[in-house]
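Chain order of the listed sequences is A and B.
Just so we're aligned: 178 in my numbering is position 122 of the first sequence, and the numbers increase by one with no gaps anywhere.
Just so we're aligned: 65 in my numbering is position 63 of the second sequence, and the numbers increase by one with no gaps anywhere.
Where is the CB? At the ideal position from N, CA and C, for every residue including glycine.
Notes follow the structure.
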Amino acid sequence: MSDIMKNFSVTINVWRQNSASDKGSMVSYPVNDVSPAMSFLEMLDVLNEDLIKKGDSPIVVESDCREGICGCCGLVIDGNTHGPDKNSTVCQLHMRRFKDGDVITVEPWRVKSFPVIKDLAVDRSAMENIMQAGGYVSVNTGAAPDANAVLINRADAEESMDAAACIGCGACITACPNGAAMLFTAAKISQLALLPQGHPERKERAINMVEAMDKEGFGNCTNEYECEAVCPKEIKVSNIARMNREFLIANFLSNK
Amino acid sequence: MKLNANIPEGQIDKKWTNHKFNLKLVNPSNKRKYDIIVVGTGLAGASAAASLGELGYNVKVFTIHDSPRRAHSIAAQGGINAAKNYPNDGDSIWRLFHDTVKGGDYRAREANVYRLAEISNQIIDHCAALGVPFGREYSGTLANRSFGGAQVSRTFYTRGQTGQQLLLGAYSAMMRQINTGKVEMFSRREMVELIISNGKARGIIARNRITGELETHTADAVLLCTGGYANAFFLSTNASDCNVSAAWTAYKNGALFANPCYTQIHPTCIPRSGDHQSKLTLMSESLRNDGRIWVPKKKDDDRKPSDIPEDERDYYLERRYPAFGNLVPRDIASRAAKVVVDEGRGVGPTKQAVYLDFRDAIKRKGEDAIKEAYGNLFDMYYQITDEDGYQVPMRIFPAPHYTMGGLWVDYNLMTNIPGLFALGEANFSDHGANRLGASALMQGLADGFFIIPSTIGGYLAANKFEKMDEKDKAGIEAAEKVNEKIKRLFAIKGKKTPTEFHKQLGNVMWNGCGMSRNEQDLKQALKKIPEIREEFWKDVMVPGSDGELNPTLEKALRVADYLEFAELMLKDAIERNESSGGHFREESATAEGEAKRNDADYSYVGAWQYDGEGKDPILNKEELTFENVKIAERSYK
């Protein structure tokens, strides 16, 4: 059990950048008395508390729920998107994964579409623009039939939920050598393509969301599978195949 | 102040229908002439913005995050209640209404709760239509599970991520309105002041978190959908951005704050591991469907759980409450855990925990079935504790989680400030002294999707609004107030961080106003708060400047508000010398240690009114009457 492990010291080599226009650089900080039961972000909290007391600006690092669901946090640790643990957000990473004397490199999401705001915080609003283009069912409040009036095959509902589990953190985009937002976009298109409620608009949705993705300057998929490897919610690249099918069919059958 | 809840006349099951008919309407082509501000994009805020946009109003919506989808509704796990009676187990609107009033320990308004139960079914219909991938049976129909405080299965779910999926549903509906241009999104903004002009709420001052700029936004109505105040305890299951500041600003501008002492301590959270702890993590109480809660019968029993034989274990919930067993409501489960820990029978390294054991369920149903139902929760537990819940019992302990108290609102969800509405957890309205599991999601969406679209029209149609813009005096004064406060904070240059003060406050609140409260401890805590506040304003350190992304400044502003708010919470807890729901007063208990309500003296909503700096707040009482539910001792035995 973790509570028998002793506290230890590490060195954090972290990206500091004052503002979007600032050049930025790596800065080293020692952190002592690290408990193995601490989360990685709690370790950064300890460091930040020390910086504030000295009157220095703390390292800006985004996080909110700290239970892996809000999608706020996202760091590249020693080159690993969301840290060394598989299928996990960085807020779920604990210091028991490290040992005394480790030098840990901490960087923000690095991809063209996510400019740095400050230190480790980046601007991910490009993802919002993709959702806005069609990541919904156009039903007005009050217009719905009884929920059981539309039956859904259980396996389809489960597969839809697998895709819907996306937390919008952007890890897939930052890990992709092309900076593609394909997995993120495909997850939403898949979720709704697998449900009858999503069918009336499936063609428009596929076309509009893919267009929005291209407009935001995200790259294309070249089957690297990096996105799936770093996704904290285990979203599969098979969703990208489904998106491509949806997109092709939509274009093929388009009246435009 | 005379409180008028504006509850419609008539039979309880006709009130909402009649009220909607009697409310004035805004003509469809006139709706575009009205501007509405929505603060917060959780379930309540996102659903309100979406529905109001659909109706044709001009909506400005504000989120503290980079994306509306990050609101803390996202973290709700277990499910959402509705009275569909799909399982044919005897459920009805009437039963959901009854269970919710009883679960709230008879401290909620009957009319509001009935409306909530009535709307519950429409919420499920709408969310299914929005593409929420609810759990289903092999037949293709929706699946249900059981939750605490009910003997029917009425909880709909999407695995252990129901809050996430419902929020993404409401978010998607709002994104559609953003795309049409009816809703305008302002992200990374924090509301720091309310603008009141001629007695009406007419706008907000929002601080741009990136540039530090104070922006003035005006409108014809303001909706606060800003969540609860559980972070007053520092350690809670809430996200770190959750704060009381928007509601507190409203209070200081004259809105009443109701029942602040009603806080919910959730029984199934992962225990803290040390001083570095920044938050506590909740695991859905649906775990109590299959997990059995126990501690050793013996004090200071250091044996491994597997070495403790069956007859030396105390399944204390099953023993004390045979009818509901491990599924008693949250307040009861939490207090029972505190009792056994206080007796020295707690487990784990800190002894501040009890076991939640799946051994029997795994034997009965197989590990795969348990994995399918709760797999993500077991994973979460493993990531945090490094322990495998399939092999050894989980360790759990209660943690602050939800707050039933909030801004006082009438039946229309309007505060006593005309034009200022409060929705979702930010209001006090439906859960009384204790909220049942899977009812928060229901309330947030009921308020946003179905109630506010009707009631706001009634307000707008019945009032005249003078033209107003950002150059108006009221807005300039409001911004000036905030500016001064920020300047004061930077000028202190002290030695302690805002988080240190927050921890100090949390400690005082948890010890003095936690799961079990008594007059002496409450009064002692009440003495300490002004001392901490005074020290804060002398010794806090806020580095950097205002014109940049400055998390320390944001934190300091929020902690400053918590340090004032905590006092109100304590005053309310002192004043309410009875045990009801989440508020347990040791002075008001039965011989067996169960909570004892005092209906003769405390059957009211305590709505506190700000009376100026340094003055005692004024308590206003809204008497509660029960015409449809028979008041009884809340027994789950």
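- [ ] Measure the Cβ-Cβ separation of B/Glu112 and B/Asn630 and say whether it is below 8 Å.
- [x] Locating residue 112 of chain B in the second sequence gives position 110, where the first residue counts as 1. Locating residue 630 of chain B in the second sequence gives position 628, where the first residue counts as 1. Against a cut-off of 8 Å, the Cβ pair of B/Asn630 and B/Glu112 comes out as a contact.
Open item on the list: One question on the structure: do A/Val159 and A/Thr230 come within less than 8 Å of each other, judged by their Cβ atoms?
Closed with: Counting from 1 along the first sequence, the entry for residue 159 of chain A is found at position 103. Counting from 1 along the first sequence, the entry for residue 230 of chain A is found at position 174. Contact flag unset, no.
- [ ] Determine the closest residue to B/Arg385 out of B/Arg305, B/Ala339, B/Ile272 and B/Gly446, with distance taken between C-alpha atoms.
- [x] Residue numbering aside, residue 385 of chain B sits at position 383 when the second sequence is read from its first letter. For the record, residue 385 of chain B in the displayed sequence is Gln; it is not Arg. Nearest C-alpha to B/Gln385 among B/Arg305, B/Ala339, B/Ile272 and B/Gly446: B/Ile272.
Task: Residues near A/Met94 in its chain [Cβ-Cβ closer than 6 Å; skip 5 each side] - done: Numbered from 1 along the first sequence, position 38 holds the residue referred to as residue 94 of chain A. Hits under 6 Å: Met151.
TODO: Measure from the C-beta of B/Lys4 to each C-beta in chain A and report whether the shortest distance is under 8 Å.
DONE: The residue given as residue 4 of chain B occupies position 2 in the second sequence. False, the Cβ-Cβ gap to chain A never drops below 8 Å.
Task: Alpha carbon of B/Ala119 to alpha carbon of B/Leu621, nearest angstrom - done: Taking the first residue of the second sequence as position 1, residue 119 of chain B is located at position 117. Taking the first residue of the second sequence as position 1, residue 621 of chain B is located at position 619. So the two alpha carbons sit approximately 30 Å from each other.
- [ ] Could you tell me which of B/Asp381, B/Ala257 and B/Arg290 sits nearest to B/Ile197, measuring between CA atoms?
- [x] Indexing the second sequence from 1 puts residue 197 of chain B at position 195. Of the listed residues, the one whose Cα sits closest to B/Ile197 is B/Ala257.
Task: Residue from B/Arg71, B/Ile207 and B/Arg437 with nearest C-alpha to B/Tyr108 - done: Within the second sequence, residue 108 of chain B is the residue found at index 106, counting from 1. B/Tyr108 has its Cα closest to that of B/Arg437, out of B/Arg71, B/Ile207 and B/Arg437.
Task: Under 9 Å by beta carbon: chain B residues contacting A/Gly80 - done: Within the first sequence, residue 80 of chain A is the residue found at index 24, counting from 1. Within 9 Å Cβ-Cβ: nothing; A/Gly80 doesn't reach chain B, min ~14 Å.
Open item on the list: Against chain B, does A/Pro233 count as a neighbour if the rule is that its beta carbon must be under 8 Å from one of theirs?
Closed with: Residue mapping note: residue 233 of chain A aligns to position 177 of the first sequence, counting from 1. No, A/Pro233 lies away from the interface with chain B (no Cβ there is under 8 Å from its Cβ).
Open item on the list: Here's the rule: buried if 16 or more other CB atoms are within 10 angstroms of the residue's CB, otherwise exposed. What is B/Tyr140?
Closed with: By 1-based counting over the second sequence, the position of residue 140 of chain B is 138. Exposed, by the Cβ-count rule.
TODO: Could you please give the first and the last residue of the uninterrupted beta strand (DSSP E) stretch that includes A/Val70?
DONE: Counting from 1 along the first sequence, the entry for residue 70 of chain A is found at position 14. DSSP places A/Val70 inside the beta strand (DSSP E), whose first and last residues are Phe64 to Arg72.
TODO: Would you check if the stretch 445-463 of chain B and the stretch 84-94 of chain B touch, i.e. whether three or more CB-CB distances between them fall below 8 Å?
DONE: Segments in contact, no.
Open item on the list: Is there a C-beta anywhere in chain A that falls below 8 Å from the one on B/Tyr88?
Closed with: Counting from one through the second sequence, the residue named residue 88 of chain B turns up at place 86. Answer yes: the Cβ-Cβ gap between B/Tyr88 and chain A drops below 8 Å somewhere.
Open item on the list: Out of B/Ala568, B/Arg97 and B/Leu559, which one is the CA nearest neighbour of B/Gln506?
Closed with: Walking along the second sequence from the start, residue 506 of chain B turns up at place 504. The shortest Cα separation from B/Gln506 among B/Ala568, B/Arg97 and B/Leu559 belongs to B/Ala568.
Open item on the list: Less than 8 Å between C-beta atoms, sequence neighbours within five positions excluded: which residues of the same chain meet that for A/Ile223?
Closed with: For the purposes of this step, residue 223 of chain A is taken as the residue at position 167 of the first sequence. Excluding positions up to five away in sequence, the list reads Gly124, Ile125, Cys126, Gly127, Thr145, Pro288 and Lys289.
- [ ] Just the C-alpha distance for B/Glu624 and A/Lys292, rounded to the nearest angstrom, thanks.
- [x] Looking up residue 624 of chain B in the second sequence gives position 622. Looking up residue 292 of chain A in the first sequence gives position 236. Between B/Glu624 and A/Lys292, the C-alpha separation is close to 54 Å.
Task: Assigned exposure category for A/Val90 - 16 Cβ within 10 Å defines buried - done: As a working mapping, residue 90 of chain A is identified with position 34 in the first sequence. The C-beta of A/Val90 has 16 or more other C-beta atoms within 10 Å across all chains shown, which makes the residue buried.
Task: 3 or more residues per run - each beta strand (DSSP E) lying fully within the stretch 149-203 of chain B - done: Contiguous beta strand (DSSP E) elements confined to the stretch 149-203 of chain B occur at 185-188 and 191-199, taking only those with 3 or more residues.
Task: Cβ pair B/Arg640, B/Pro298 closer than 8 Å - done: In this structure chain B extends from 3 to 639, so residue 640 of chain B is not present and cannot be described.
Task: Same chain, Cβ closer than 6 Å to B/Gly408, five either side skipped, listed in chain order - done: Along the second sequence, one-based indexing puts residue 408 of chain B at 406. Contacts found: Ala428, Asn429 and Phe430.
Open item on the list: Which runs of the beta strand (DSSP E) at least 3 residues long sit entirely within the stretch 141-218 of chain A? Give them in chain order.
Closed with: 159-163 and 172-174, all fully within the stretch 141-218 of chain A.
- [ ] Ignore the nearest five residues each way along the sequence and tell me which others in B/Asn552's own chain have a CB closer than 6 Å to its CB.
- [x] As a position in the second sequence, residue 552 of chain B is number 550, starting the count at 1. Once the five neighbours on either side are set aside, the close Cβ partners of B/Asn552 are Gly546.
Open item on the list: Just to confirm the assignment: which complete alpha helix (DSSP H) runs, minimum length 4, are found wholly within the stretch 410-456 of chain B?
Closed with: Correct list: 442-447.
Task: Local conformation of B/Pro269 per DSSP, three classes - done: Translated into positions along the second sequence, residue 269 of chain B becomes position 267. Secondary structure of B/Pro269 (DSSP, three-state): strand.
Open item on the list: Which of the three DSSP states is assigned to B/Lys530 in this structure?
Closed with: As a first step, residue 530 of chain B is located in the second sequence; it is residue number 528 there, counting from the start. Three-state DSSP puts B/Lys530 in a helix.
Open item on the list: With the cut-off set at 8 Å, would you say B/Arg290 and B/Thr265 are in Cβ contact?
Closed with: The count along the second sequence starts at 1 and reaches residue 290 of chain B at position 288. The count along the second sequence starts at 1 and reaches residue 265 of chain B at position 263. For the pair B/Arg290 and B/Thr265, the CB atoms are not nearer than the 8 Å cut-off.
Open item on the list: Measuring straight from C-alpha to C-alpha, what distance separates B/Asp390 and B/Arg535?
Closed with: In the second sequence, the residue the question calls residue 390 of chain B occupies position 388. In the second sequence, the residue the question calls residue 535 of chain B occupies position 533. Cα to Cα, the separation comes out at about 43 Å.
Task: Inter-residue Cα distance where the pair is A/Lys259 and B/Leu132 - done: Start at 1 with the first residue of the first sequence, and residue 259 of chain A comes out as number 203. Start at 1 with the first residue of the second sequence, and residue 132 of chain B comes out as number 130. Within the model, the alpha-carbon separation for A/Lys259 versus B/Leu132 is close to 17 Å.
TODO: Give a yes or no on whether 8 Å exceeds the smallest Cβ distance from A/Tyr192 to chain B.
DONE: Mapped onto the first sequence, residue 192 of chain A falls at position 136. Cβ-Cβ to chain B under 8 Å: yes for A/Tyr192.
Task: Environment of A/Asp175 [buried if 16+ CB atoms lie within 10 Å] - done: Within the first sequence, numbered from 1, the residue matching residue 175 of chain A stands at position 119. Residue environment for A/Asp175: buried (at least 16 other C-beta atoms within 10 angstroms of its C-beta).
Task: 8 Å Cβ cutoff, B/Gln393 in contact with chain A - done: Taking the first residue of the second sequence as 1, we reach residue 393 of chain B at position 391. It does not; no Cβ of chain A falls within 8 Å.
- [ ] Sort B/Phe503, B/Ser280, B/Ser189 and B/Ser199 by Cα distance to B/Ala208 and report the nearest one.
- [x] Sequence index remark: in the second sequence, residue 208 of chain B carries index 206 (1-based). When only C-alpha atoms are compared, the closest one is B/Ser189.
Open item on the list: If you measure between the beta carbons of B/Gly80 and B/Ser286, is that distance less than 8 Å?
Closed with: For the purposes of this step, residue 80 of chain B is taken as residue 78 along the second sequence, with counting starting at 1. For the purposes of this step, residue 286 of chain B is taken as residue 284 along the second sequence, with counting starting at 1. The answer is yes: Cβ separation under 8 Å.
Task: Amino acids of chain B, ordered along the chain, whose beta-carbon sits closer than 7 Å to that of A/Asn196 - done: Against the first sequence, residue 196 of chain A aligns to sequence position 140. Those are Glu56, listed as they occur along chain B.
Open item on the list: As a quick exercise: from B/Gln526, B/Leu528, B/Val246 and B/Leu54, pick the residue whose alpha carbon is nearest that of B/Gln179.
Closed with: Your numbering for residue 179 of chain B matches position 177 in the second sequence. The residue with the shortest Cα to Cα distance from B/Gln179 is B/Leu54.
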